[in-house]
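Participant: Sharing a structure with you now.
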Amino acid sequence: MSSDGPRLVGLARPKGWRCAGPGELLPFSAMLDPRCLADRRQEIEESCRKRGIKADVASAVASYEQVAARQTELNDANRRRNEHQKAGKQKLDDEQRAAHTAEGRALKEAVARIEADLAVARADLEERAGALPNFIHPDVPEGGEEDFRLLRRVGEPTTFDFEARDHLELGIQQGLLDFEAGARVTGNKFYYLKNGAVLLELALQRYALDILIEEGFVPHITPDLARPEIVAGIGYNPRGEETQIYSLSNADLCLVGTAEITLGGLHADAILDEDDLPLKLAGISHCFRTEAGAAGRESKGLYRVHQFTKVEMFVITRPEDSEAMHENLLAIEERIFGGLELPYQVIDIASGDLGAPAFRKYDIEAWMPGRGEGGSYGEVSSASNCTDYQARRLKTRFRRKDTKKNELVHMLNGTAVANSRAILAVLENHQRADGTIGVPKALQPYMGRDTIGPGTSSS
RNA sequence: GGAGAGGUGGCCGAGUGGUCGAAGGCAGCGGUCUUGAAAACCGCCAGGGUGCAAGCCCUCGAGGGUUCGAAUCCCUCCCUCUCCGCCA
9 MSSDGPRLVG
19 LARPKGWRCA
29 GPGELLPFSA
39 MLDPRCLADR
49 RQEIEESCRK
59 RGIKADVASA
69 VASYEQVAAR
79 QTELNDANRR
89 RNEHQKAGKQ
99 KLDDEQRAAH
109 TAEGRALKEA
119 VARIEADLAV
129 ARADLEERAG
139 ALPNFIHPDV
149 PEGGEEDFRL
159 LRRVGEPTTF
169 DFEARDHLEL
179 GIQQGLLDFE
189 AGARVTGNKF
199 YYLKNGAVLL
209 ELALQRYALD
219 ILIEEGFVPH
229 ITPDLARPEI
239 VAGIGYNPRG
249 EETQIYSLSN
259 ADLCLVGTAE
269 ITLGGLHADA
279 ILDEDDLPLK
289 LAGISHCFRT
299 EAGAAGRESK
309 GLYRVHQFTK
319 VEMFVITRPE
329 DSEAMHENLL
339 AIEERIFGGL
349 ELPYQVIDIA
359 SGDLGAPAFR
369 KYDIEAWMPG
379 RGEGGSYGEV
389 SSASNCTDYQ
399 ARRLKTRFRR
409 KDTKKNELVH
419 MLNGTAVANS
429 RAILAVLENH
439 QRADGTIGVP
449 KALQPYMGRD
459 TIGPGTSSS
């Protein structure tokens, strides 16, 4: 346990994770507040409809009522048992003792029975309420992937006075990428970075990190593996058919899909000081994704791969601060991508494309000259406000200074740099007629050169 | 991986199956004294959940077991420390 900063209580297995203490109503994996299900039913149904998710709010409400009822019963049964045990401390004659023991046994059985009922009710609620997505910000445009709202475009799509190549062609030609070796050694959609691409990869990390440090983020290099409970707490499904997450076969661990998982897990089951908020965390990790169900989707080269490195932002705020922080994360992302001299657009993601935990999500899409016919914008980063949806499962709270009450925090995450896609965008936008690639000014100090390609030192 | 020792409140640290949610110390908070401070002395002080509140429930690393009753006994797991082995 650290003596300074926020407490980390039982990080290994957060208390009450699997089986919440009978005195607690909150911590199942239902990630909406189960107590608000009935009151906000309209809103929840609206959210499901807008997201295109089928969910049965009514049965979740009924299920919560069951849990609450069983919980009350258990509370009473425990109280009776405690009273009985106190009475047993006094001296009793043999007959009285025998009666006392028999009664105790009956009380114990009653408690066990109610506990079993409660466990069943909880599991039921977990399944039903866990299927419900977060609320949706009122300004989020309604619709699917194509129905985003364009907030702004910065820069003009790059034009070339020569035949532009896509990053794959460039990468192979310039000795920067090797997908064939990746496939041979590991599998499809794994790759080697070589020569200047390696320097570019490291430069991007450091460039982004320096900006984040300047913005007040505490840099972390996180584990690349996490426990399934933490993965689930963030809202990823660690197992199952269409999971995006790899699991190890000889350990109860998952390869992380993003440092959002490990940074989010950092304060699981903690109660933070209000003064420490907002907590701004920067995390570098490798990211592993199965990309199940993504077969054939715009999957050329580096755009969709099974492994990449990412610098991630993760912020924990008070509820009233999360929307402003969301704008702030977006501003930082724009600063980072603007510095790479890339044309980009910012979009407000539509309801159907949000993902269950997000209340609102902004994406930055960089211009990718080699994408599709004649180029198109492609996602390079995204910033989400997940409000208290993740915090509820992770049990990350803070203590209000004035009321001394504990409340769930809001959690936000955003990409600082996803290296595979950033490299793709840099290569394609900064390519020259001779196939070499110009290094954006902001990266030159980190690269130690202004050009990538054969003939430049270290290629 | 092997052998051993441990995990108790913000920290340190006692704890005999019932009188223990838990001694003592430190820190913290409030007070007396003081021009002010220090020292000394007195008092308060684990956390979580629920509730307007009184209260009630839960928690001694986690899970399970024995028992009328477990911080205390048994099993499993996790974590920490020391030594050995292996290793970047």
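With the first sequence counted from 1, adding 8 to any position gets you my numbering. Positions of the beta carbon are idealized from the N, C-alpha and C atoms, including for glycine.
1) My parser needs the alpha helix (DSSP H) runs of 4 or more residues fully inside the segment 254-286; what are they?
2) The beta strand (DSSP E) that contains D371, what's its start and end?
3) For the beta strand (DSSP E) that V193 lies in, which residues bound it at each end?
4) Please report the distance separating the alpha-carbon of S469 from that of V319.
5) Round the Cβ separation of A234 and V264 to the nearest angstrom and send it over; I've been treating them as touching at under 8 Å.
6) Counting Cβ pairs, one atom from each stretch, are 3 or more of them under 8 Å apart for the segment 237-252 and the segment 215-223?
7) For C56, is the classification buried or exposed, using 16 other Cβ atoms within 10 angstroms of its Cβ as the cut-off for buried?
8) Among all the DSSP beta bridges, which residues are the ones paired with Q439?
9) Could you tell me which of E328, R105, E81 and L256 sits nearest to L126, measuring between CA atoms?
10) Report the three-state DSSP secondary structure of K288 (helix, strand or coil).
11) Starting from the C-beta of P377, find all residues in its chain whose C-beta is less than 6 Å away, skip the five residues before and the five after it, and write them out in chain order.
12) Quick check on the DSSP output: the beta strand (DSSP E) that includes G422 runs from which residue to which?
13) Contact check, I355 vs E341 under 8 Å by CB: the rounded distance?
14) Which value, in whole angstroms, describes the spacing of the CA atoms of R405 and N336?
15) Assign F345 to one of two classes, buried (16 or more other C-beta atoms within 10 Å of its C-beta) or exposed (fewer than that).
16) Buried or exposed for V388, going by 16 or more other Cβ atoms inside 10 Å?
17) Can you list, in chain order, the residues of its chain whose CB lies under 6 Å from that of T3, leaving out five sequence neighbours each side?
18) Quick check: what's the CA-CA separation for P453 versus E349?
19) Can you look up I355 in the DSSP assignment and give me helix, strand or coil?
20) Compare the beta carbon distance of A85 and V119 with 9 Å and say whether it is the shorter of the two.
21) Is it the case that the Cβ atoms of D442 and L416 are separated by a distance below 9 Å?
22) Taking contact to mean 3 or more Cβ pairs, one atom from each stretch, closer than 8 Å, check whether the segment 315-330 and the segment 416-429 are in contact.
23) Can you give me the C-alpha to C-alpha distance between L2 and P231, rounded to a whole angstrom?
24) DSSP on R113, reduced to helix/strand/coil?
25) I want to know whether the segment 56-70 touches the segment 138-149 - three or more CB-CB distances under 8 Å.
26) What are the partner residues of L233, as DSSP defines its beta bridges?
27) Whole angstroms is fine: what's the gap from L212's alpha carbon to R407's?
28) As a quick exercise: from R130, H92 and D102, pick the residue whose alpha carbon is nearest that of L115.
29) Nearest to A276 by alpha carbon, out of T194, L362, V447 and R401?
30) Write down the C-beta distance between R204 and L178 rounded to the nearest angstrom, noting that I regard them as a contact closer than 8 Å.
31) If contacts are defined as beta-carbon pairs under 8 Å, then E153 and G360 qualify, I think. What distance do you get, rounded to the angstrom?
32) Verify the contact flag: D169, CB atom, against every heavy atom of the ligand MG, threshold strictly below 8 Å.
33) In angstroms, rounded to a whole number, what distance separates the CA positions of E54 and R457?
34) Apart from the five residues just before and just after A450, which ones in its own chain have a Cβ nearer than 7 Å to its Cβ?
35) Using only the alpha-carbon positions, how far apart do I261 and R192 sit?
36) Quick check on the DSSP output: the alpha helix (DSSP H) that includes K178 runs from which residue to which?
Facilitator: Working from what's here:
1) 267-273
2) R368 to M376
3) Taken as a continuous stretch (DSSP letters only), V193 belongs to no beta strand (DSSP E), being part of the alpha helix (DSSP H) at F187 to V193.
4) This structure leaves residue 469 out entirely; the chain is present only between 9 and 467.
5) 5 Å
6) no
7) Sixteen is the threshold: when 16 or more other Cβ atoms of the shown chains lie within 10 Å of the Cβ of C56, as they do, the residue is buried.
8) I445
9) Nearest C-alpha to L126: E81.
10) strand
11) Excluding sequence neighbours, P377 sits near T166, A172, G383 and E436.
12) H418 to A426
13) That belief does not hold up - the Cβ atoms of I355 and E341 are roughly 12 Å apart, past 8 Å.
14) 22 Å
15) buried
16) buried
17) It is not possible to answer for residue 3, since the shown part of the chain is limited to 9 through 467.
18) 15 Å
19) strand
20) yes
21) The answer is no: Cβ separation not under 9 Å.
22) Taking a cut-off of 8 Å on C-beta distances, the segment 315-330 touches the segment 416-429, as three or more cross pairs fall below it.
23) Shown here, the chain extends from 9 to 467; a query on residue 2 therefore has no answer.
24) helix
25) Contact between the segment 56-70 and the segment 138-149 is present: 3 or more CB-CB pairs across the two stretches fall below 8 Å.
26) L263
27) 37 Å
28) H92
29) R401
30) Residue identity differs from the one stated: residue 204 is Gly in this sequence, not Arg. That pair is no contact at about 11 Å.
31) 7 Å
32) Inclusion of the ligand MG in the displayed structure is not the case, the ligand content being empty and no account of it being possible.
33) 53 Å
34) Closer than 7 Å at Cβ, skipping near neighbours: Y215, G347 and L348.
35) This sequence places Leu at residue 261; Ile is not what is there. Distance between the alpha carbons of L261 and R192 is about 26 Å.
36) Before going on, a small fix: residue 178 reads as Leu here, not Lys. Residues H175 to Q181.
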